[in-house]
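Written below as structure tokens is the structure these notes are about.
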Amino acid sequence: MSLARFEHTDNKEQEIEYQTLSSDFTLDKIERPERLHEWLKSEEIELLYSKFSKKAQLTYPELREELENLNIKFTDLEYNRLFLKINQNRDFKCDWNEFISYLIFGFQEDDPASRKESLILPLSTPPIIKKSEHRLAICGIALLKSVSDAEEENEDNKHFSSDDEDDDEERHNKKLLRNVAFEESPDTAGIWITASREGQIRFWSMSLAPIRTGTSESCNIMFLITFFLLHLFSFSFSVHLKGPTWILTIVALSDVSIVCTSSTERELRFHETVASSFNLRIVIRSMPYAVCCMSYNFHSGGKDLSRLVMGDYGGNVRTLEFDPYLRGPFQSKPGAALVEAFWSDILKGKVPQFKCREHLNVHSEMIQQAIYSMRLNCLFACAEYRNTRKYRGRCPALISLYGEDKAIFRIPLGVTTFCVDERNNIVITGGPDTCLRIWDVYIPTQTTGLLTGHNAGIVKIFVQSEEKKLYSVDYHKVIKVWDLSEHSLLQTFGDLTRLIPGETDLVYHYHKQLRVLLIGGRKLVAVKCNPRVRVDLTDGNTHAAPVSVVLYNKLFRNLVTCGLDSYIIVWDPWTGKRKIIMKSCHTKQVYGENIDIEITAACFDPLEQFLLTGARDGSLKVWNYNNAVCIRNMSIKSDHEVTAVVWVVERILAVGWDQQVTEFNDVEGREYSDPKKWPMFHSDDITCADVKLGEGVATATHSGELIFWKLETGQPYRRYNVQNPVKFIELKLKKFHLDEHKDVVYEGDSNARMPVMSVFDRIREMEKQWAALVSEQRSELQIRADSFHRRVIVAPGTTASVQAILFLQTRPMIPEYGSVFVALDTGVVQVYSHHQRGSYITEFNAIHKIGDCVLTMTTDRKNRYLFTGTAFGYIKIWHVKNYCIPEQEKIRISMPVLRLQFIFLRKELILTRAKRAVRNQKEPLLLNSYRGHLKSIHSVVFVNLPKVLITGSHDCSVRLWTIGGRYLGTLGMPLPWMKLSPFEPLSEKDHERPFRMPPDIKKVASSTTMKVITGVQQGRYRMNIHKVQKKIDDEKGEEEEFPGHCGKALREPILGKHFQLPGRSGVEIPIELDITSSYIPVYNHLKVHETKTFEIPSTPTSVKRIANENYMDFYEPIPLRSAGVKSTGLFSNFFKRGRKIIRESAFHRES
349 MSLARFEHTD NKEQEIEYQT LSSDFTLDKI ERPERLHEWL KSEEIELLYS KFSKKAQLTY
409 PELREELENL NIKFTDLEYN RLFLKINQNR DFKCDWNEFI SYLIFGFQED DPASRKESLI
469 LPLSTPPIIK KSEHRLAICG IALLKSVSDA EEENEDNKHF SSDDEDDDEE RHNKKLLRNV
529 AFEESPDTAG IWITASREGQ IRFWSMSLAP IRTGTSESCN IMFLITFFLL HLFSFSFSVH
589 LKGPTWILTI VALSDVSIVC TSSTERELRF HETVASSFNL RIVIRSMPYA VCCMSYNFHS
649 GGKDLSRLVM GDYGGNVRTL EFDPYLRGPF QSKPGAALVE AFWSDILKGK VPQFKCREHL
709 NVHSEMIQQA IYSMRLNCLF ACAEYRNTRK YRGRCPALIS LYGEDKAIFR IPLGVTTFCV
769 DERNNIVITG GPDTCLRIWD VYIPTQTTGL LTGHNAGIVK IFVQSEEKKL YSVDYHKVIK
829 VWDLSEHSLL QTFGDLTRLI PGETDLVYHY HKQLRVLLIG GRKLVAVKCN PRVRVDLTDG
889 NTHAAPVSVV LYNKLFRNLV TCGLDSYIIV WDPWTGKRKI IMKSCHTKQV YGENIDIEIT
949 AACFDPLEQF LLTGARDGSL KVWNYNNAVC IRNMSIKSDH EVTAVVWVVE RILAVGWDQQ
1009 VTEFNDVEGR EYSDPKKWPM FHSDDITCAD VKLGEGVATA THSGELIFWK LETGQPYRRY
1069 NVQNPVKFIE LKLKKFHLDE HKDVVYEGDS NARMPVMSVF DRIREMEKQW AALVSEQRSE
1129 LQIRADSFHR RVIVAPGTTA SVQAILFLQT RPMIPEYGSV FVALDTGVVQ VYSHHQRGSY
1189 ITEFNAIHKI GDCVLTMTTD RKNRYLFTGT AFGYIKIWHV KNYCIPEQEK IRISMPVLRL
1249 QFIFLRKELI LTRAKRAVRN QKEPLLLNSY RGHLKSIHSV VFVNLPKVLI TGSHDCSVRL
1309 WTIGGRYLGT LGMPLPWMKL SPFEPLSEKD HERPFRMPPD IKKVASSTTM KVITGVQQGR
1369 YRMNIHKVQK KIDDEKGEEE EFPGHCGKAL REPILGKHFQ LPGRSGVEIP IELDITSSYI
1429 PVYNHLKVHE TKTFEIPSTP TSVKRIANEN YMDFYEPIPL RSAGVKSTGL FSNFFKRGRK
1489 IIRESAFHRE S
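Residue numbers for the sequence shown, in the numbering used here: 349 to 1499.
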């Protein structure tokens, strides 16, 4: 860790000494982070302000003296860190602005609102579209589920608000688990139900797969008259004849498995849906007005009455209450398949299971929506008012009824839809005036918020209380997402206009548990609204796009991740919390619109106070990432991707697709001078680069070129080609010449103008080219032989690309030491010496699957381990302490110690694939191999003190691992974070349970990956022949003891000892195929045997003898009760006739 250590003498001269945080610093010296804002009070801050007012800037000794006078005690190392964090302009002096900014950043980190900012837009996933399969457009959507929304919210409030005895950490973990989804089965999620006007009912799964259909039909008019007359004369007679209908709305009574529909015939039909059935159970006729909207409330445990709320065209609200125990009035009874009643009978109490309540003339217009709030014990109903002159713009749009009390929310033009947030005691209304109004439930006279932005009337509103988000849909099918806490617009989603063109009369239903909005019309469209994370499938994402760079800052002890979504996020890896998020870091304007540019490279400055990022368009930016301020803008070349950046003392080096190294000044006063271009020796795009401080720079290209440069002068001194690394390649500057128009034309440019040559000169030039081609041409066999000898799998005519370069910083610049590791796209890692007289040393295979390759590499501080991440998501650790160094410098390796640390090294009964790939490779030693991601790994970072490995992948996640391979967590996951320390490694012995596996890896993990991640090795079982033979003998003895026991396996030979398969004939007749025609008639050459008639065997004599016997002869005659009574009746003759028929049927085959 780079630290600036300040020492002051009597003459007050400051000396800066850069040190590295190593094992020399004990844990006693590092006790706590430098959180100065937690120690200072307001009076002390005012006192420090007076000090800064007297003296504009304070040096390190002066600032330390002032803080010590306030009884703030830190160690020397902590004061060094604190001053580097405060000193943002790197002049080693602190002013008031820097000091107070540092305190403000500390308070911002503690603000929980900063960690709740979403990385992904609430409506980010593409909608699911299905055909409705209805003849007409869908007029109603219902949800049949087991748990009600009100009960779920009440349970959440009870569970998460009554934890007074729990500590803050447990309460925080429970809040995290609130937004976690475990499964989406029909038992927990429910079933969608859609209805169309003609009465067709369809059932759908959560993935919009059709399940079954049903029909809701009306009664015939003549039979209704007959039924009324029979009912008038007290005749109990049930009639129900199917006829045409017109459905208005539908609702699901989930706790009793009933679907209720209302129609223009002023009927309520209750259909039973038990066991895949759809039967009509109850019909309520002659409603005063046709019911136009319905809602249902229930409690799963049956602790409260279930309520069906109905609003009609006359402005009335009616409720039906019943006890759901044993399905209440919908219980199946023998002889009563259908119950039919009039609404007047329900009012008179003739159906005792139903309790009815009526609220008449609530509105003068038709009811648009009516719901009952179980928690507030209040009834809400709204209506639209087109005649605003009557009410002078103060229409009674929303009315809440609590017993005899009434509250009126007056809104111009009325209310089309509303939503009650019971958790926050607010009501949100929307209507034809295109405005969203937020009300307090208990204050109906004044709004608490007004949201504007829609261009059409609002038709649907729903709230996510735990996320404090409001969703609104207008008549033009535009969805807007709002932040309820800040009353700001988060997103506008207008894809529904493209997906459902021309349709305006749509119906909506929001699934509160799955957070899915289902839209019905001619099509079914499901839109996921900020869905919960399925922890059984994934641990969540760190970025909204693939992660490109992961960096660990040793000064601030935090983690910086950059992604292709143009986000820079600062994390605290020890608590799993997100500190700062910077969006749209690199942008460009296309047709007046700002477009985000992917971040492809990043690094810290030598003091690790600033961040340098490079983007795909060639732009570079310097950030003070603690306050999200861009300090400097640079660029290498327009529209040329930056692949690697290096920040050394007073210089910034950037490489990319411009095929050269660009150097920027980092000296105060010369930051904005023109950059320096290093000589162009590469002929292809540069893919990677690395630096050895004070010695050199290595760059490599997509075509396999490798060049070593002097860091101080920028001149190359060695050049290699990774396909033939032992061949000496002369360093030549890329040639160019000027044509007659003074344009620069590079050598090898196909568009360059050829000089004027004579015929003889052209012939002579062609002869030279042909001779060079013949001399350099090699056979394909020789190329494959050389590739196999070097273990490089390269197709003839192709080139090997370099994917990563790594300098071992502790190795000296000596020809015998391998100090540079170069990873190729063939899966091989080559080792070079960066000395002037150095060369290619050796290489090793770093993969175990065909097609895989190493994309990123890193090492620990002492260069003992090499950590590699591959394109298939595998993480490998190699022991390189003794690799490519002289024999006298090698140290002894203790394998038992390594086996205790790396469970991968422990022996197994069957050699695994990763071990088989390196069994003939003595060095380097493979210490660990497991799959950490499903997609390619782009960045690997190792933190030395806690021994934590951090990987960033193309699957948008950044994961933490122990050095042994145990999974610690994914940054941004919804589950509770494991306690980690930045100063000491995690003790696996103290861990009570086995380490968990990432859910996505668990489905595809091999035995090696499961063993490494969980840290548990299954016992090795060896076959004992004596025990197996004894077990077989015991089974045979049991079979002999119990010969009639069933369930035993058949013993060999199953077909007996005397059965043999027919052998082949001694003479084989060759088959000659007829090839004279255009095709070969195979079936004509098949040998077909002639069929023969089978002879029926004769009946054995024993069977004939038994057939002639009469079984009645073996029974003695039964004496009669009275001698005078003879058995000559009907039954005796019947039995005699039966015996005769049986004997005749037994002898039928013989005759």
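From the three backbone atoms N, C-alpha and C, an ideal C-beta is built for every residue, glycine too. Model, not experiment: these values are computed from the prediction.
Is residue i close to chain C, meaning its C-beta is less than 7 Å from at least one C-beta of that chain?
i: LYS876; result: Absent from the structure: chain C. Only one protein chain is present.
In terms of alpha-carbon separation, which member of the options lies closest to residue i?
i: MET635; options: PHE626, SER625, LEU668 and LEU556; result: LEU668
i: GLN794; options: ILE1423, PHE757, LEU761 and SER611; result: PHE757
i: VAL657; options: GLY779, VAL665 and GLY650; result: VAL665
i: LYS817; options: LEU1253, ILE827, LEU832 and ALA892; result: LEU832
i: LEU838; options: HIS1281, PRO470, TRP919 and TYR1222; result: PRO470
If I measure Cβ to Cβ from residue i and keep anything under 7 Å in the same chain, skipping five residues before and after, which residues do I get?
i: ASP1208; result: PHE1290 and ASN1292
i: HIS988; result: GLY966, GLY1004, TRP1005 and ASP1006
i: ILE788; result: It is worth fixing the name first, because residue 788 is Asp in this sequence and not Ile. So the qualifying residues of the chain are ASN773, ILE774 and THR796.
i: PHE373; result: Residue confidence is low: PHE373 scores 36 on pLDDT, short of 50, so the model does not pin down where it sits. Its coordinate-derived value is still stated next. Correct list, in chain order: LEU425.
i: GLN1500; result: Given a span of 349 to 1499 for the chain in the structure shown, any question on residue 1500 remains unanswerable.
Cutting at 6 Å between CB atoms, please list the residues of its own chain near residue i, excluding the five before and the five after it.
i: SER1305; result: ASN889, THR890 and THR1318
i: MET1161; result: GLU1043 and HIS1183
i: LYS1229; result: ARG1212
i: LYS1474; result: Only weak support is given to the placement of LYS1474: the predicted model assigns it a pLDDT of 42, under 50, and the value that follows is read from those uncertain coordinates. Excluding sequence neighbours, LYS1474 sits near nothing in its chain.
i: HIS711; result: GLY663 and ALA731
i: ARG742; result: ARG758
i: MET982; result: LEU968 and PHE1012
i: ILE1428; result: LEU1421
i: ALA689; result: ILE632 and VAL699
What does DSSP give as the partner residue(s) for residue i in the beta ladder?
i: ASP822; result: ILE806
i: ASP769; result: ILE774
i: GLY797; result: ILE786
i: PHE626; result: According to DSSP, PHE626 bridges with nothing at all.
i: THR542; result: ILE489 and ARG550
i: TRP919; result: LEU907 and ARG926
i: LYS478; result: LEU872
i: GLY1004; result: VAL990
i: ALA839; result: The amino acid occupying residue 839 in the given sequence is Gln; Ala does not appear at that position. BP columns for GLN839 point to VAL829.
i: GLY1503; result: What the structure shows of the chain is the stretch from 349 to 1499, and residue 1503 is not part of that stretch, so it cannot be assessed.
i: TYR644; result: LEU656
i: MET982; result: LEU968
i: VAL1352; result: VAL1352 is not bridged to any residue.
Going by beta carbon distance, what residues of the same chain come within less than 8 Å of residue i, once the five residues before and after it are set aside?
i: THR800; result: THR782, CYS783 and LEU784
i: ARG1126; result: In this prediction, ARG1126 has a pLDDT of 45, which is less than 50 and means its spatial position is unreliable; nothing more can be read from the coordinates.
- [ ] Tell me, please, whether the stretch 606-619 touches the stretch 628-640 by the rule of three or more beta-carbon pairs shorter than 8 Å.
- [x] yes
Task: the stretch 695-705 touching the stretch 618-628, judged by at least three CB pairs closer than 8 Å - done: no
- [ ] Mind the definition here: the stretch 1170-1186 touches the stretch 1194-1211 only if three or more C-beta pairs lie below 8 Å; say whether that holds.
- [x] yes
TODO: Jot down the residue ranges of each uninterrupted beta strand (DSSP E) in the stretch 665-721, minimum 3 residues, whole runs only, in chain order.
DONE: 665-670, 687-690, 703-707 and 715-721
Task: Start-end ranges of the alpha helix (DSSP H) lying completely within the stretch 406-452, minimum 4 residues - done: 408-417 and 424-434
TODO: Indicate whether the contact test is met: 3 or more Cβ pairs, each with one atom in the stretch 1320-1334 and one in the stretch 1348-1357, closer than 8 Å.
DONE: no
Task: Uninterrupted alpha helix (DSSP H) stretches inside the stretch 1187-1274 (no shorter than 4 residues) - done: 1243-1249 and 1261-1265
Open item on the list: If contact is defined by three or more beta carbon pairs under 8 Å, each pair taking one atom from either stretch, is the stretch 1043-1052 in contact with the stretch 1149-1156?
Closed with: yes
- [ ] Could you say if the stretch 430-446 and the stretch 806-819 meet the contact criterion of at least three C-beta pairs nearer than 8 Å?
- [x] no
Task: At least three beta-carbon pairs within less than 8 Å, the stretch 859-876 to the stretch 482-496 - done: yes
TODO: Indicate whether the contact test is met: 3 or more Cβ pairs, each with one atom in the stretch 898-906 and one in the stretch 933-947, closer than 8 Å.
DONE: no
TODO: Answer yes if the stretch 743-754 comes into contact with the stretch 670-686, meaning at least three C-beta pairs across the two stretches below 8 Å, and no otherwise.
DONE: no
TODO: Decide yes or no for the touch test of the stretch 1292-1302 against the stretch 878-889: beta carbon pairs closer than 8 Å, at least 3 of them.
DONE: no
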